[in-house]
Amino acid sequence: MWLRRKKMRERSWKSPWGKNSNHVIWLEPNKAAYNVNEDVEIKVFWGSVRNPEVGEYEDWLAYLLDPEGARLELPIRREMLRFSGGKPFFFLAFKPRKSGPYTIMLENNYGVLNKLKDGDWTYGPKRYHRNVEESIYFYQYAKTIVPVGESTQGSTRVGNELEIITTKTGFYVNDIMELTLLCRGSPLPRAQIKAVYGIYPHIKEETAETDMNGKAGFHIKEKGVWLFVAEHKIMEGVDGEYDYKWLTATLSLPVRGIKNAKHD
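Numbering (the numbering used here) for the sequence shown: 41 to 304.
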(Lines of atoms letter the chains of each structure in order from A and count residues from 1; the text may use other names and numbers.)
(Lines give C-alpha, C1' and ligand atoms only; values in the text may rest on other atoms or scores of the structure.)
Protein backbone atom coordinates (compact mmCIF):
# COMPACT_ATOMS: atom_id res chain seq x y z
CA MET A 1 0.00 0.00 0.00
CA TRP A 2 1.08 3.55 -0.60
CA LEU A 3 1.66 4.21 3.09
CA ARG A 4 4.29 1.47 3.07
CA ARG A 5 6.26 3.09 0.31
CA LYS A 6 6.38 6.72 1.34
CA LYS A 7 6.14 8.81 4.47
CA MET A 8 2.89 10.39 5.54
CA ARG A 9 2.42 13.63 7.43
CA GLU A 10 -0.08 13.61 10.25
CA ARG A 11 -3.51 14.81 9.19
CA SER A 12 -5.80 14.27 12.13
CA TRP A 13 -4.52 12.33 15.09
CA LYS A 14 -8.03 11.92 16.47
CA SER A 15 -8.35 9.42 13.63
CA PRO A 16 -5.06 8.20 12.15
CA TRP A 17 -6.80 7.42 8.87
CA GLY A 18 -7.44 11.13 8.32
CA LYS A 19 -10.42 13.18 7.23
CA ASN A 20 -13.59 11.95 5.48
CA SER A 21 -12.88 8.25 6.00
CA ASN A 22 -10.40 8.30 3.13
CA HIS A 23 -8.28 5.48 4.53
CA VAL A 24 -10.84 2.84 5.39
CA ILE A 25 -11.64 -0.16 3.25
CA TRP A 26 -15.26 -1.03 2.48
CA LEU A 27 -17.48 -3.19 0.27
CA GLU A 28 -20.25 -2.39 -2.20
CA PRO A 29 -22.49 -4.99 -3.88
CA ASN A 30 -23.61 -4.12 -7.41
CA LYS A 31 -27.29 -4.59 -6.43
CA ALA A 32 -29.49 -4.07 -3.39
CA ALA A 33 -30.89 -7.64 -3.47
CA TYR A 34 -30.33 -10.91 -5.32
CA ASN A 35 -32.01 -14.16 -6.27
CA VAL A 36 -30.80 -17.69 -5.59
CA ASN A 37 -28.16 -18.81 -8.15
CA GLU A 38 -27.60 -15.23 -9.34
CA ASP A 39 -23.99 -14.06 -9.64
CA VAL A 40 -23.05 -11.63 -6.86
CA GLU A 41 -20.19 -9.19 -7.40
CA ILE A 42 -18.91 -6.93 -4.63
CA LYS A 43 -16.49 -4.10 -5.31
CA VAL A 44 -13.75 -3.17 -2.84
CA PHE A 45 -13.30 0.56 -2.25
CA TRP A 46 -10.70 2.61 -0.41
CA GLY A 47 -12.24 5.61 1.35
CA SER A 48 -15.39 7.66 0.85
CA VAL A 49 -14.00 8.95 -2.48
CA ARG A 50 -14.65 5.42 -3.84
CA ASN A 51 -11.06 4.87 -4.91
CA PRO A 52 -10.59 1.43 -6.52
CA GLU A 53 -6.79 1.69 -6.22
CA VAL A 54 -6.59 0.04 -2.83
CA GLY A 55 -3.03 -1.19 -3.29
CA GLU A 56 -1.61 -4.52 -2.18
CA TYR A 57 -3.94 -7.28 -1.05
CA GLU A 58 -1.57 -9.98 0.22
CA ASP A 59 -2.67 -9.24 3.78
CA TRP A 60 -6.40 -9.40 3.03
CA LEU A 61 -8.74 -12.18 4.05
CA ALA A 62 -12.18 -12.41 2.40
CA TYR A 63 -15.00 -14.75 3.37
CA LEU A 64 -18.75 -15.04 3.75
CA LEU A 65 -21.14 -16.44 6.31
CA ASP A 66 -24.18 -18.02 4.69
CA PRO A 67 -27.72 -17.81 6.16
CA GLU A 68 -26.99 -20.81 8.41
CA GLY A 69 -23.68 -19.38 9.64
CA ALA A 70 -21.37 -21.61 7.58
CA ARG A 71 -18.14 -19.89 6.55
CA LEU A 72 -16.69 -19.95 3.04
CA GLU A 73 -13.49 -18.17 2.04
CA LEU A 74 -13.72 -16.00 -1.08
CA PRO A 75 -11.01 -15.36 -3.68
CA ILE A 76 -9.98 -11.74 -4.22
CA ARG A 77 -9.96 -10.81 -7.89
CA ARG A 78 -8.93 -7.75 -9.87
CA GLU A 79 -10.24 -7.13 -13.36
CA MET A 80 -12.59 -5.00 -15.40
CA LEU A 81 -16.19 -5.40 -14.30
CA ARG A 82 -19.22 -4.74 -16.48
CA PHE A 83 -20.38 -2.01 -14.06
CA SER A 84 -16.95 -0.49 -13.32
CA GLY A 85 -17.04 2.35 -15.83
CA GLY A 86 -13.81 1.31 -17.50
CA LYS A 87 -11.74 1.00 -14.32
CA PRO A 88 -10.19 -2.17 -12.89
CA PHE A 89 -11.50 -3.12 -9.46
CA PHE A 90 -10.69 -5.51 -6.73
CA PHE A 91 -13.84 -7.49 -6.14
CA LEU A 92 -15.34 -10.55 -4.48
CA ALA A 93 -17.78 -12.88 -6.22
CA PHE A 94 -19.98 -15.85 -5.35
CA LYS A 95 -23.26 -17.52 -6.31
CA PRO A 96 -25.78 -18.01 -3.45
CA ARG A 97 -27.45 -21.41 -3.31
CA LYS A 98 -30.13 -20.59 -0.74
CA SER A 99 -32.30 -17.68 0.38
CA GLY A 100 -31.42 -15.52 3.36
CA PRO A 101 -28.82 -12.96 4.43
CA TYR A 102 -25.17 -13.48 3.44
CA THR A 103 -22.63 -11.61 5.56
CA ILE A 104 -19.59 -10.68 3.46
CA MET A 105 -16.31 -9.83 5.22
CA LEU A 106 -12.95 -8.48 4.17
CA GLU A 107 -10.19 -8.20 6.78
CA ASN A 108 -7.17 -6.00 6.16
CA ASN A 109 -4.18 -6.84 8.36
CA TYR A 110 -2.51 -3.52 7.61
CA GLY A 111 0.38 -3.91 10.02
CA VAL A 112 2.43 -1.48 12.11
CA LEU A 113 2.92 2.22 11.43
CA ASN A 114 5.40 4.25 13.46
CA LYS A 115 4.87 7.95 14.07
CA LEU A 116 8.32 9.53 14.32
CA LYS A 117 9.19 12.53 16.46
CA ASP A 118 9.65 14.69 13.35
CA GLY A 119 6.07 13.94 12.26
CA ASP A 120 6.92 11.46 9.53
CA TRP A 121 5.79 7.81 9.40
CA THR A 122 7.52 4.50 8.77
CA TYR A 123 6.18 0.98 8.31
CA GLY A 124 7.18 -2.15 10.23
CA PRO A 125 7.90 -3.35 13.79
CA LYS A 126 8.93 -0.65 16.25
CA ARG A 127 12.29 -2.24 17.07
CA TYR A 128 13.61 -1.53 13.56
CA HIS A 129 13.07 2.24 13.74
CA ARG A 130 14.59 5.16 15.63
CA ASN A 131 13.02 8.21 17.25
CA VAL A 132 9.58 6.61 17.41
CA GLU A 133 6.97 8.65 19.25
CA GLU A 134 4.36 5.91 19.09
CA SER A 135 3.85 2.69 17.18
CA ILE A 136 0.38 1.54 16.14
CA TYR A 137 -0.87 -1.80 14.82
CA PHE A 138 -3.76 -1.25 12.39
CA TYR A 139 -6.40 -3.83 11.58
CA GLN A 140 -9.55 -3.24 9.52
CA TYR A 141 -12.81 -5.15 9.17
CA ALA A 142 -15.12 -4.38 6.22
CA LYS A 143 -18.61 -5.86 6.12
CA THR A 144 -21.65 -5.77 3.89
CA ILE A 145 -24.86 -7.80 3.88
CA VAL A 146 -26.24 -9.41 0.73
CA PRO A 147 -29.96 -10.29 1.00
CA VAL A 148 -31.00 -13.18 -1.23
CA GLY A 149 -34.65 -13.86 -1.99
CA GLU A 150 -37.16 -12.08 0.22
CA SER A 151 -34.84 -11.84 3.22
CA THR A 152 -34.66 -8.61 5.24
CA GLN A 153 -32.67 -10.11 8.09
CA GLY A 154 -29.54 -8.43 9.38
CA SER A 155 -25.99 -9.67 9.66
CA THR A 156 -24.72 -12.74 11.42
CA ARG A 157 -22.47 -11.85 14.33
CA VAL A 158 -19.00 -12.66 13.02
CA GLY A 159 -17.02 -12.31 16.25
CA ASN A 160 -14.42 -9.79 15.07
CA GLU A 161 -12.59 -7.61 17.59
CA LEU A 162 -14.62 -4.61 16.39
CA GLU A 163 -17.95 -5.12 14.65
CA ILE A 164 -21.02 -3.14 13.59
CA ILE A 165 -24.27 -5.13 13.74
CA THR A 166 -27.68 -4.45 12.18
CA THR A 167 -30.77 -6.56 12.83
CA LYS A 168 -32.32 -6.03 9.39
CA THR A 169 -31.67 -5.04 5.78
CA GLY A 170 -33.96 -3.63 3.10
CA PHE A 171 -33.84 -0.01 4.22
CA TYR A 172 -35.72 2.86 2.60
CA VAL A 173 -35.47 6.64 2.80
CA ASN A 174 -37.01 7.93 6.07
CA ASP A 175 -36.32 4.67 7.91
CA ILE A 176 -34.46 4.67 11.20
CA MET A 177 -31.42 2.42 11.03
CA GLU A 178 -30.38 1.03 14.41
CA LEU A 179 -26.83 -0.27 14.73
CA THR A 180 -24.93 -1.98 17.54
CA LEU A 181 -21.19 -1.63 18.02
CA LEU A 182 -19.36 -4.57 19.61
CA CYS A 183 -15.79 -4.80 20.83
CA ARG A 184 -14.63 -8.36 21.45
CA GLY A 185 -18.24 -9.46 21.60
CA SER A 186 -19.44 -6.89 24.15
CA PRO A 187 -21.41 -3.68 23.49
CA LEU A 188 -19.15 -0.63 23.24
CA PRO A 189 -20.78 2.39 24.95
CA ARG A 190 -20.03 6.08 24.33
CA ALA A 191 -18.30 5.36 21.03
CA GLN A 192 -18.69 7.21 17.75
CA ILE A 193 -20.22 5.69 14.62
CA LYS A 194 -19.92 7.85 11.51
CA ALA A 195 -22.31 7.62 8.57
CA VAL A 196 -20.99 8.59 5.14
CA TYR A 197 -23.36 8.89 2.17
CA GLY A 198 -23.77 10.68 -1.14
CA ILE A 199 -21.70 10.58 -4.32
CA TYR A 200 -18.25 12.15 -4.51
CA PRO A 201 -17.61 15.11 -4.47
CA HIS A 202 -20.92 15.66 -2.67
CA ILE A 203 -20.09 13.46 0.30
CA LYS A 204 -22.10 13.98 3.49
CA GLU A 205 -21.28 12.80 6.99
CA GLU A 206 -23.00 12.60 10.34
CA THR A 207 -22.05 11.01 13.63
CA ALA A 208 -23.98 9.28 16.40
CA GLU A 209 -22.77 8.15 19.81
CA THR A 210 -23.60 4.70 21.11
CA ASP A 211 -25.61 4.34 24.31
CA MET A 212 -24.75 2.08 27.24
CA ASN A 213 -25.90 -0.92 25.18
CA GLY A 214 -23.64 -0.03 22.26
CA LYS A 215 -26.61 1.11 20.13
CA ALA A 216 -26.88 4.13 17.85
CA GLY A 217 -29.57 5.18 15.38
CA PHE A 218 -29.51 7.07 12.09
CA HIS A 219 -32.38 8.70 10.19
CA ILE A 220 -31.94 7.68 6.55
CA LYS A 221 -32.30 10.80 4.40
CA GLU A 222 -31.07 9.73 0.95
CA LYS A 223 -31.04 6.62 -1.18
CA GLY A 224 -27.78 5.01 -2.23
CA VAL A 225 -25.06 3.16 -0.37
CA TRP A 226 -24.54 4.25 3.24
CA LEU A 227 -21.15 3.58 4.78
CA PHE A 228 -20.83 3.31 8.56
CA VAL A 229 -17.41 3.61 10.18
CA ALA A 230 -16.28 2.96 13.75
CA GLU A 231 -12.76 3.09 15.18
CA HIS A 232 -11.45 1.97 18.53
CA LYS A 233 -8.09 2.13 20.25
CA ILE A 234 -7.03 -0.84 22.40
CA MET A 235 -4.14 -0.12 24.74
CA GLU A 236 -2.44 -3.47 24.34
CA GLY A 237 1.07 -3.57 22.94
CA VAL A 238 3.84 -6.06 22.22
CA ASP A 239 7.41 -5.19 23.23
CA GLY A 240 9.47 -4.26 20.20
CA GLU A 241 6.44 -4.52 17.89
CA TYR A 242 3.86 -1.82 18.66
CA ASP A 243 2.40 0.25 21.52
CA TYR A 244 -1.31 -0.25 20.91
CA LYS A 245 -3.90 -1.45 18.38
CA TRP A 246 -6.16 0.71 16.26
CA LEU A 247 -9.21 -1.17 14.99
CA THR A 248 -11.55 -0.01 12.24
CA ALA A 249 -14.90 -1.55 11.33
CA THR A 250 -17.07 -0.57 8.37
CA LEU A 251 -20.57 -1.65 7.40
CA SER A 252 -22.03 -0.66 4.02
CA LEU A 253 -25.74 -0.99 3.29
CA PRO A 254 -27.84 0.00 0.26
CA VAL A 255 -30.86 2.26 0.81
CA ARG A 256 -33.75 2.46 -1.62
CA GLY A 257 -36.02 5.43 -2.33
CA ILE A 258 -39.15 6.23 -0.34
CA LYS A 259 -41.13 3.05 0.23
CA ASN A 260 -44.22 2.64 -1.97
CA ALA A 261 -43.32 5.75 -3.99
CA LYS A 262 -44.43 5.60 -7.64
CA HIS A 263 -40.94 6.18 -8.98
CA ASP A 264 -38.83 4.28 -6.40
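From the three backbone atoms N, C-alpha and C, an ideal C-beta is built for every residue, glycine too.
- Within the model, the alpha-carbon separation for Leu114 versus Leu104 is close to 7 angstroms.
- Runs of the beta strand (DSSP E) lying entirely within the segment 161-246 and spanning at least 3 residues, in chain order: 161-163, 172-188, 202-206, 216-223, 232-237.
- Here Glu147 carries a strand assignment [DSSP, helix/strand/coil].
- The alpha-carbon of Glu173 is positioned some 19 angstroms away from that of Leu287.
- At least 8 angstroms separates the beta-carbon of Ala235 from that of Ala270.
- Spanning the alpha carbons of Glu98 and Val295 requires a straight line of approximately 32 angstroms.
- Burial check for Glu276: the Cβ neighbour count within 10 Å stays below 16, so the residue is exposed.
- Annotation: the continuous beta strand (DSSP E) that includes Val84 extends over 80-86.
- Judged by their CB atoms, Gly140 and Val198 are not nearer to each other than the 8 angstroms cut-off.
- Comparing C-alpha distances from Thr207 to each of Tyr142, Gly264, Tyr74, Lys263 shows the shortest one belongs to Tyr142.
- Excluding residues up to 5 positions away in sequence, Pro294, Arg296 lie with their Cβ nearer than 7 angstroms to the Cβ of Ala72 in the same chain.
- If you compare the alpha carbons of Asn75, Asn70, Pro165 with that of Leu132, the shortest gap goes to Asn70.
- For Glu281, the closest alpha carbon among the candidates Trp100, Lys166, Lys83, Gly159 is that of Lys166.
- If you draw a straight line from the Cα of Val213 to the Cα of Gly159, it is about 43 angstroms long.
- Taking Gly257 as reference, the option from Tyr177, Met217, Phe134 with the minimal CA-CA separation is Met217.
- Ranked by Cα distance from Thr192, the options Phe211, Pro227, Met145, Asp279 are led by Phe211.
- The C-beta of Asn200 has 16 or more other C-beta atoms within 10 Å across all chains shown, which makes the residue buried.
- A direct Cα-to-Cα measurement between Arg118 and Trp66 gives close to 15 angstroms.
- Residue burial annotation: Met252 is exposed, with fewer than 16 other C-beta atoms found within 10 angstroms of its C-beta.
- Put simply, the backbone Cα of Glu246 is about 33 angstroms away from that of Asp79.
- Here Leu228 is not near Leu219, since their CB atoms are 8 angstroms or more apart.
- Here Gly109 really is in contact with Thr196; their C-beta atoms are around 6 angstroms apart, less than 8 angstroms.
- Here Asn148 is buried. Its C-beta has 16 or more other C-beta atoms within 10 Å.
- Beta-bridge pairing by DSSP links Pro136 to no other residue.
- By DSSP's assignment, His272 forms a beta bridge with Leu287.
- In terms of Cα proximity to Gly264, the closest of Tyr74, Phe178, Ala248, Ile239 is Ile239.
- Inter-residue distance for Glu81 and Ile185 is about 12 angstroms (C-alpha atoms, whole angstroms).
- Taking a 10 Å sphere around the C-beta of Val76, we find fewer than 16 other C-beta atoms and assign the residue as exposed.
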